[in-house]
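Structure record follows, encoded as structure tokens.
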Amino acid sequence: MAVLTESIAIFKYFEEISKIPRGFFNEEKISNYLVEFAKEHHLEYFQDDMKNVIIYKDGTLGYENHPPVMLQGHIDMVCEKDYDYNHDFENDPLKLYVEDGYLHAKGTTLGADDGYAISYMLAILESKDIAHPPLDCVFTVQEEVGMLGVRNLKADKIRAKRMISMDTGNEAVTCVSSSGGRRVTVTKELGLINNDWDTYKLKIEGLLGGHSGKYISKERGNANKIAFRMLQHLSKKANIRLVNVVGGLKANAIARECVVEFAVDTSLSVVQQIFENTMAQIKTELEFSDPNLTYSLNKLSKKVPVSFDEKTSQEAVDLIYLLPDGFKAKSMVIDDLTTISLNLGQVELTDNSIKCHYLIRSPLTSAREELTNEIKLLSSLLNARVQIESDYPGWNYEANSFMRDILKEVIKEQLGIDMITQASHGGLEIGILKGLIPELDIITIGPECSGAHTPEEKMNLNSFLKMYEVLKLILAKL
Numbered sequence: 101m102a103v104l105t106e107s108i109a110i111f112k113y114f115e116e117i118s119k120i121p122r123g124f125f126n127e128e129k130i131s132n133y134l135v136e137f138a139k140e141h142h143l144e145y146f147q148d149d150m151k152n153v154i155i156y157k158d159g160t161l162g163y164e165n166h167p168p169v170m171l172q173g174h175i176d177m178v179c180e181k182d183y184d185y186n187h188d189f190e191n192d193p194l195k196l197y198v199e200d201g202y203l204h205a206k207g208t209t210l211g212a213d214d215g216y217a218i219s220y221m222l223a224i225l226e227s228k229d230i231a232h233p234p235l236d237c238v239f240t241v242q243e244e245v246g247m248l249g250v251r252n253l254k255a256d257k258i259r260a261k262r263m264i265s266m267d268t269g270n271e272a273v274t275c276v277s278s279s280g281g282r283r284v285t286v287t288k289e290l291g292l293i294n295n296d297w298d299t300y301k302l303k304i305e306g307l308l309g310g311h312s313g314k315y316i317s318k319e320r321g322n323a324n325k326i327a328f329r330m331l332q333h334l335s336k337k338a339n340i341r342l343v344n345v346v347g348g349l350k351a352n353a354i355a356r357e358c359v360v361e362f363a364v365d366t367s368l369s370v371v372q373q374i375f376e377n378t379m380a381q382i383k384t385e386l387e388f389s390d391p392n393l394t395y396s397l398n399k400l401s402k403k404v405p406v407s408f409d410e411k412t413s414q415e416a417v418d419l420i421y422l423l424p425d426g427f428k429a430k431s432m433v434i435d436d437l438t439t440i441s442l443n444l445g446q447v448e449l450t451d452n453s454i455k456c457h458y459l460i461r462s463p464l465t466s467a468r469e470e471l472t473n474e475i476k477l478l479s480s481l482l483n484a485r486v487q488i489e490s491d492y493p494g495w496n497y498e499a500n501s502f503m504r505d506i507l508k509e510v511i512k513e514q515l516g517i518d519m520i521t522q523a524s525h526g527g528l529e530i531g532i533l534k535g536l537i538p539e540l541d542i543i544t545i546g547p548e549c550s551g552a553h554t555p556e557e558k559m560n561l562n563s564f565l566k567m568y569e570v571l572k573l574i575l576a577k578l
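Under my numbering, the residue at position 251 of the sequence shown is numbered 351, and the numbers go up by one with no gaps.
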């Protein structure tokens with residue numbers, strides 16, 4: 101029996117797309133699925149070289165000559181899993197289950213970000229009895245790695261000057277502005293050496309993590325920073341040789357876990373004592389934000405014959421210990437809006453180099469530049485290099501919006517409550533689309549979801565259905 105038993109199109113399509121691997125840079129199958137859907141339903145479509153897809157549909161009876169509207173969402177998802185859970189995001193389907201009215205995926209992210217948008221659009225494109233104006237349904241790729249796909253879109257492929265974005269929102273909440281962002285990678289080359297020291301595995305876990313746009317202001321612990329703080333304290337008493345690092349999974353997710361394998365020229369008792377003292381301090385600092393923080397230290401059964409040398413290992417430890425991270429500033433005008441932050445979301449060892457992957461967020465270009473310069477200067481002192489991977493604009497607030505007026509009316513009519521406007525510290529494709537089509541009048545909608553970018557991600561099924569009804573009513577009023 102299917103996990104989602106209701107015979108409603110949005111449930112059917114969410115289950116279908118959950119069978120198709122769709123991590124970023126792995127969107128070809130889901131993109132081709134959309135093309136086959138368009139062909140099957142005799143709908144005009146466009147697929148570009150990056151695998152973005154636009155599916156067009158004429159307005160229904162009585163709406164044929166109404167101005168078109170764009171529905172938009174991204175087809176990639178953040179592929180994060182519990183450290184010990186066996187799942188191949190390149191090939192395996194998600195294992196969905198329902199608990200207490202919420203949809204989850206076993207051991208992994210759910211992909212409600214942004215699977216609900218895909219499901220909504222497919223259900224409306226399939227329907228023959230939902231009233232709507234002409235539609236441009238825009239499915240973008242590589243949103244989660246710097247919104248790369250939307251940058252490839254061309255304005256002449258989109259007819260609409262009105263837009264419903266479905267990558268943010270929570271029932272009555274609609275977004276009215278978003279942050280710009282910059283992805284930065286710091287690379288530190290390490291020198292190999294024959295190793296005859298005892299080798300250990302340090303594991304940091306139990307942190308809450310979360311989306312770095314939404315939760316960075318909560319000042320939750322970052323597993324990467326914690327692990328290298330412990331190593332830096334150890335390096336005051338002993339020499340360290342790094343062996344391997346797996347810290348966090350994505351630049352836009354606060355690192356929940358970090359595993360570091362290292363060799364050291366001192367006794368286990370010394371390592372244990374330093375780690376115990378350092379962790380006690382950190383747990384006190386994070387008592388309220390991350391009460392379940394814990395660590396483990398295990399000696400590897402066999403000595404690792406090759407490691408990285410002490411000098412470059414020490415520079416790498418100092419570098420990550422010193423690199424800035426976290427909440428930086430908030431708005432003085434809009435309550436609870438973070439305006440500047442940066443997240444050291446992933447640290448990895450690859451090709452004899454340690455790489456630190458950042459996402460810097462701010463609507464202010466100058467703030468993104470200053471943080472980048474800070475990282476560059478610090479990196480140069482420790483013989484590391486910095487590369488800017490991508491940079492994208494924000495979406496500025498507009499006081500007057502016909503679409504927002506319609507949404508306000510529908511929220512009151514359908515949900516019986518007042519619409520709530522919210523500015524976002526998260527980066528949204530809206531900023532790029534607004535730059536592409538300056539006349540766009542934009543609203544955002546979405547169901548109740550939580551835990552994005554973590555294996556705790558879940559979606560309220562009643563809300564999923566409720567907001568679909570809201571979407572249909574908005575379209576009927578356009």
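From the three backbone atoms N, C-alpha and C, an ideal C-beta is built for every residue, glycine too.
Here the structure is a predicted model, which means the values were calculated and not measured.
Roughly how many angstroms separate the alpha carbons of residue i and residue j, rounded to a whole number?
| i | j | result |
| --- | --- | --- |
| His311 | Gln487 | 23 Å |
| Tyr145 | Gly527 | 27 Å |
| Lys151 | Thr240 | 8 Å |
| Ser367 | Leu423 | 29 Å |
| Tyr183 | Val346 | 10 Å |
| Leu253 | Lys336 | 52 Å |
| Ser501 | Leu533 | 16 Å |
| Leu230 | Asp435 | For the record, residue 230 in the displayed sequence is Ile; it is not Leu. Cα-Cα distance, rounded: 38 Å. |
| Ser227 | Tyr202 | 26 Å |
| Ile460 | Gly162 | 47 Å |
| Gln514 | Val286 | 49 Å |
| Tyr497 | Gln373 | 53 Å |
| Gly313 | His525 | 5 Å |
| Asn473 | Gly516 | 49 Å |
| Phe427 | Met503 | 33 Å |
| Gln147 | Ile258 | 13 Å |
| Glu529 | Leu481 | 35 Å |
| Glu489 | Ser265 | 25 Å |
| Lys318 | Ile326 | 16 Å |
| Ile120 | Lys572 | 26 Å |
Measure from the alpha carbon of residue i to the alpha carbon of each residue in the options, then state which is nearest.
| i | options | result |
| --- | --- | --- |
| Gly249 | Lys403, Glu128 and Leu423 | Glu128 |
| Phe375 | Ala217, Lys428, Glu548 and Ile304 | Ile304 |
| Ala353 | Trp297, Gly551 and Met150 | Gly551 |
| Phe362 | Leu334, Lys157, Ile511 and Ile382 | Leu334 |
| Gly321 | Leu308, Lys314, Phe328 and Gln332 | Leu308 |
| Glu548 | Ile218, Met170 and Asn270 | Asn270 |
| Gln414 | Glu289, His553 and Phe189 | Glu289 |
| Lys402 | His174, His204, Tyr183 and Asp298 | Asp298 |
| Pro555 | Ser490, Glu385, Gly445 and Cys179 | Cys179 |
| Ile130 | Tyr185, Glu115 and His142 | Glu115 |
| Ile316 | Leu444, Arg262, Phe408 and Glu489 | Leu444 |
| Asp418 | Tyr458, Ala484 and Asn377 | Ala484 |
| Tyr300 | Val433, Val370, Tyr568 and Gln381 | Val370 |
| Leu437 | Val276, Lys325 and Tyr113 | Val276 |
| Arg282 | Ser118, Lys181 and Tyr458 | Tyr458 |
| Ile475 | Leu397, Leu235 and Val284 | Val284 |
| His187 | Leu210, Met170, Ala499 and Gly173 | Leu210 |
Assign residue i to one of two classes, buried (16 or more other C-beta atoms within 10 Å of its C-beta) or exposed (fewer than that).
| i | result |
| --- | --- |
| Phe388 | exposed |
| Ala523 | buried |
| Phe137 | buried |
| Phe125 | exposed |
| Tyr197 | exposed |
| Tyr395 | buried |
| Ala355 | buried |
| Asp200 | exposed |
| Leu575 | buried |
| Glu164 | exposed |
| Glu357 | buried |
| Val406 | exposed |
| Ser219 | buried |
| Ala380 | exposed |
| Asn560 | buried |
| Thr412 | buried |
Can you check DSSP and say which residues form a bridge with residue i?
| i | result |
| --- | --- |
| Met559 | Leu203 and Cys549 |
| Asn398 | Lys301 |
| Gln147 | Val153 |
| Asp491 | Arg282 |
| Lys455 | Thr287 and Glu448 |
| Gln172 | Val238 and Ser265 |
| Val359 | Lys303 and Val346 |
| Arg341 | Ala363 |
Check the C-beta distance from residue i over to residue j and give it rounded, since I have them as a contact under 8 Å.
| i | j | result |
| --- | --- | --- |
| Leu540 | Ala255 | Not confirmed; about 10 Å, so no contact. |
| Ala272 | Asp518 | 7 Å |
| Leu578 | His166 | 6 Å |
Within the present structure, is the beta-carbon of residue i separated from the nearest heavy atom of the ligand GTP by less than 8 Å?
| i | result |
| --- | --- |
| Ala109 | With respect to the ligand GTP, the structure offers nothing, as it holds no ligand at all. |
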